[in-house]
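Colleague: Each step along the sequence shown adds one to the number in my numbering, with nothing skipped, and position 42 is 446.
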Amino acid sequence: MKIIYFTTACKKEDYVSFSKMWDSSLNASIQNLHNRFIRSLALTHEVEVISIRPFSRKYCKLKKLDADTKQEGKITWHYLRIRRHKLSRYLSITKQCNKIIKKMNLKDAIVITDTLNPNVLRNSTKIAKKFNLPIIGVCNNTPSGIHDTGKSYTQLLLDLAGNLTGYIALTSSLNTLYNKYDRANLVFEGVLDDTVSKAKENKYGDYIFYNGSLDPRDGVVELMLAFKALDNPNLKLLISGYYSDEEVEKVAEDIKNVINLGNIPSDEVIALANNSKLNVNPLPFSEDTDRYFVPSNLADYFNSNSVVVSTRNRRFKKYFENDAIWVDSKETTEGLTNNLLEGIKSGLSLSKENRVDMIKKANMDANKLYSMAMINRRTILFLKQFLKQKE
405 MKIIYFTTAC KKEDYVSFSK MWDSSLNASI QNLHNRFIRS LALTHEVEVI
455 SIRPFSRKYC KLKKLDADTK QEGKITWHYL RIRRHKLSRY LSITKQCNKI
505 IKKMNLKDAI VITDTLNPNV LRNSTKIAKK FNLPIIGVCN NTPSGIHDTG
555 KSYTQLLLDL AGNLTGYIAL TSSLNTLYNK YDRANLVFEG VLDDTVSKAK
605 ENKYGDYIFY NGSLDPRDGV VELMLAFKAL DNPNLKLLIS GYYSDEEVEK
655 VAEDIKNVIN LGNIPSDEVI ALANNSKLNV NPLPFSEDTD RYFVPSNLAD
705 YFNSNSVVVS TRNRRFKKYF ENDAIWVDSK ETTEGLTNNL LEGIKSGLSL
755 SKENRVDMIK KANMDANKLY SMAMINRRTI LFLKQFLKQK E
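1. Which residue's Cα is closest to the Cα of H449: S680, T411 and F441?
2. Given a threshold of 16 other Cβ atoms within 10 Å of its Cβ, counted over all protein chains shown, does L787 qualify as buried or as exposed?
3. Buried or exposed, going by whether 16 or more other CB atoms sit within 10 Å of the CB of T715?
4. Please report how far the alpha carbon of L537 lies from the alpha carbon of I531, in whole angstroms.
5. So the beta strand (DSSP E) D472 belongs to, where does it begin and stop?
6. Given this structure, state the Cα-to-Cα distance separating V713 from Y705, to the nearest angstrom.
7. Which whole-angstrom value describes the C-beta separation of D649 and D619, a residue pair presumed to lie in contact below a C-beta threshold of 8 Å?
8. Which residues mark the beginning and the end of the alpha helix (DSSP H) in which E725 is found?
9. Which of helix, strand or coil does DSSP assign to G747?
10. Just the C-alpha distance for N638 and D610, rounded to the nearest angstrom, thanks.
11. In the DSSP assignment, find the unbroken beta strand (DSSP E) run with A573 in it and report its ends.
12. With 16 other CB atoms within 10 Å as the buried threshold, where does L642 fall?
13. For the beta strand (DSSP E) that contains H449, what are its first and last residues?
14. Measure the alpha-carbon distance for K584 versus F535 and round it to whole angstroms.
15. Measuring only the C-alpha atoms, how far is W481 from K474?
16. Tell me the DSSP bridge mates of D518?
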């Protein structure tokens, strides 16, 4: 089986350099999921990646993106040329996709596609139809969950993704949203990066760590206020992530020992999570958030060398009920701040023995569910059914 994967993601090292060329921070959670998923599939199968990298004349410092091809084990990364003019960009991408696909042996080939980018979806579905290939959509967020998009964007993506052969989703509700004809599907909450060393030098001393969205709606302000109330001068709070907001930056500047690292590479995120006293997920609970959104680094937190403090999340609480300090999420800023404060105090006061036991169990449970080898086995078994149907 050959896997042809349409995405905006890049090879890990290339994404680090590419993201530095932007004046606004890219959504690292999209990159991390697809990159890890691609590498998990490549443990056993060849993966041809058609990478249609994001581009903006307003926010990207580059005037154009050049085509390139890179090899990474069983993965071939095909970076398409991206032009500034929208119409020529659109026509060029389609032409490049066809040229690359025609050179491949398509016997037992299957297409996997990102579902959050119109250019990716249009071209992946065209290719699948033209060459009569099964096409599986990866659904990791709602279209409305992408910043600065409206109803028309949401409807466009749902229409483009509405007639795929099968679906892979991070939650069952995401599957329901995209998979309107109830076709074959697979659900898992994330993929761990098995290739990152946990042994990294700690240059920050004792600290609490958060990585994810820096939008104030996602709980990072309440986390900083809880840290301020903790009033521990020997402890730092490190925050990092994407969608940086002026309010968050101002609060971070006003609180002593809060360090805003900005958008940092995924390997650095994992290293920081491994050296922290606590890793915190402060995302406020709501029914919609719980149904459709997976906190981007919570799986990594459970696989780290640190204790997890997290607000309520039904799926993760089910799998990791005794592996974390779980706190209730209140609707008010004061309520969430107080609960995060109590959770942080509980995590810091754990005995050494209880801390070690909690981390060990969390690591074991995370790898059972989300290791690259486990995701590979589940996904390849899922994909094989579509090749049988084709026959």
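Every residue, glycine too, gets a C-beta built ideally from N, C-alpha and C.
Modeller: Considering the structure as presented:
1. Along the sequence shown, read from residue 1 onward, the residue named residue 449 stands at position 45. Cα-wise, what sits closest to H449 is F441.
2. Indexing the sequence shown from 1 puts residue 787 at position 383. Buried, since its Cβ has 16 or more Cβ neighbours within 10 Å.
3. Residue numbering aside, residue 715 sits at position 311 when the sequence shown is read from its first letter. Label assigned to T715: buried.
4. Against the sequence shown, residue 537 aligns to sequence position 133. Against the sequence shown, residue 531 aligns to sequence position 127. So the alpha carbons of these two residues sit roughly 8 Å apart.
5. Working through the sequence shown from its first residue, we reach residue 472 at position 68. D472: member of the beta strand (DSSP E) spanning D472 to E476, first to last residue.
6. Taking the first residue of the sequence shown as 1, we reach residue 713 at position 309. Taking the first residue of the sequence shown as 1, we reach residue 705 at position 301. Between the alpha carbons of V713 and Y705 lies a gap of roughly 9 Å.
7. Your numbering for residue 649 matches position 245 in the sequence shown. Your numbering for residue 619 matches position 215 in the sequence shown. Contact flag correct, Cβ pair sits at about 6 Å.
8. Here the question's residue 725 lines up with position 321 in the sequence shown. It is not in any alpha helix (DSSP H) - E725 carries neither H nor E in the DSSP assignment.
9. Start at 1 with the first residue of the sequence shown, and residue 747 comes out as number 343. Looking at G747 - three-state DSSP - the assignment turns out to be helix.
10. Numbered from its first residue, the sequence shown carries residue 638 at position 234. Numbered from its first residue, the sequence shown carries residue 610 at position 206. N638 and D610: Cα-Cα distance of roughly 7 Å.
11. Position 169 of the sequence shown holds residue 573. Counting along the chain, the beta strand (DSSP E) containing A573 begins and ends at G570 to A573.
12. In the sequence shown, the residue the question calls residue 642 occupies position 238. By the 16-neighbour rule on beta-carbons within 10 angstroms, L642 is buried.
13. In the sequence shown, residue 449 corresponds to position 45, counting from 1. Element bounds for H449: n/a, residue is neither H nor E.
14. In the sequence shown, counting from the first residue as 1, residue 584 sits at position 180. In the sequence shown, counting from the first residue as 1, residue 535 sits at position 131. Distance from the CA atom of K584 to the CA atom of F535, rounded to whole angstroms, is 24 Å.
15. Your numbering for residue 481 matches position 77 in the sequence shown. Your numbering for residue 474 matches position 70 in the sequence shown. Rounded to whole angstroms, the gap between the alpha carbons of W481 and K474 is 5 Å.
16. Numbered from 1 along the sequence shown, position 114 holds the residue referred to as residue 518. Beta-bridge pairing links D518 to V542.
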